[in-house]
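Protein chains in written order, with the working numbering: chain A, 1 to 113; chain B, 114 to 227. Cβ coordinates follow ideal geometry from the N, Cα and C atoms, glycine included. Nothing here was measured: the structure is a model prediction, and the numbers come from that model.
Given below as structure tokens:
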């Protein structure tokens, strides 16, 4: 069955550095992948979608890569700020249908001043 | 626009009690979803409604029922709550239900079953 793995340990970085979060998946070859941000006590908020033929996508200080050979997506935040502290979730479509998503457990990012 | 709203924000139940979680969206979306989120396990799909009048089971439907009351509203019912149903419940919606679309989430309902 499909499986998504995100680093369960929190990532602690200093302000101004680049944060890199990893999303690995198995038993599947999705055509696209989404990233969401979740703040404590709130629902997830969509950030970016990347398609399998895009390899890399950017939005302001965010960059996502998608390596279908490694079955991995990397999510980068450059020039990180304390306001970037949150949990970041990756999501893939269910292999059995096009109208459902499966979410990873998320990685918590803490950016320290 | 309020987006996706959920009520209540927090609820404590005793084992065996029933309750209904309410969800409404004002974005004229066709598809709506119910997820539960537990520590270390991510969001898991309970039920979804691809369009008004249809509902389908997700990954973890046991112990739950849903009603798509109209295009705006999608409720989740626990008929006989169990401690294993202690979780945070999120409702979400998307425009037509295709998995490449953005899902918009509500603020969540935190449920504690004693």
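- Residue 144 of chain B sits away from residue 219 of chain B, with the two beta carbons spaced by 9 angstroms or more.
- In the three-state reduction of the DSSP assignment, residue 195 of chain B falls in the coil class.
- Against residue 40 of chain A, chain B offers no close residue; the least beta-carbon distance is about 11 angstroms (beta-carbon pairs closer than 7 angstroms).
- Residue 58 of chain A sits exposed, since fewer than 16 C-beta atoms from the chains shown fall within 10 Å of its C-beta.
- If you ignore the 5 residues before and after residue 187 of chain B, its C-beta comes within less than 6 angstroms of the C-beta of 136, 145, 162 and 181, all in its own chain and listed in chain order.
- Relative to residue 160 of chain B, the option among A:102, A:13 and A:24 whose CA is nearest is A:102.
- Residue environment analysis places residue 93 of chain A among the buried positions, since at least 16 neighbouring C-beta atoms fall within 10 angstroms of its C-beta.
- Partner residues in the beta bridge of residue 132 of chain B, as assigned by DSSP, are B:191.
- The secondary-structure analysis by DSSP pairs residue 34 of chain A across a beta bridge with A:49 and A:91.
- In this structure the region 188–203 of chain B touches the region 149–159 of chain B; the number of beta carbon pairs closer than 8 angstroms is three or more.
- Residue 213 of chain B has a beta carbon lying within less than 9 angstroms of a beta carbon in chain A.
- Taking each of B:142, B:132 and B:154 in turn and checking the Cα distance to residue 176 of chain B, the smallest one comes out for B:132.
- In this structure, residue 2 of chain A lies near residue 28 of chain A, with their beta-carbon atoms less than 9 angstroms apart.
- Counting only residues of its own chain and dropping the five nearest sequence neighbours on each side, residue 184 of chain B has a CB closer than 6 angstroms to the CB of 165.
- Under DSSP, residue 145 of chain B shares a beta bridge with B:162 and B:206.
- The residues 24, 25 and 26, in chain order, have a CB closer than 7 angstroms to that of residue 71 of chain A in the same chain once the five nearest residues on each side in sequence are set aside.
- Scanning A:68, A:37, A:42 and A:54 for the CA closest to the CA of residue 118 of chain B turns up A:42.
- Between residue 49 of chain A and residue 75 of chain A, the gap from beta carbon to beta carbon reaches 9 angstroms or more.
- Ranked by Cα distance from residue 37 of chain A, the first of A:108, A:112 and A:80 is A:108.
- Classified as exposed, residue 112 of chain A has fewer than 16 neighbouring CB atoms from the shown chains inside 10 Å of its CB.
- Within chain B, the residues 215, 216 and 217 have their CB atoms less than 8 angstroms from the CB of residue 46 of chain A, given in chain order.
- At least 9 angstroms separates the beta-carbon of residue 89 of chain A from that of residue 126 of chain B.
- The contact set of residue 220 of chain B on chain A, defined by CB atoms closer than 7 angstroms, consists of 42 and 43 in chain order.
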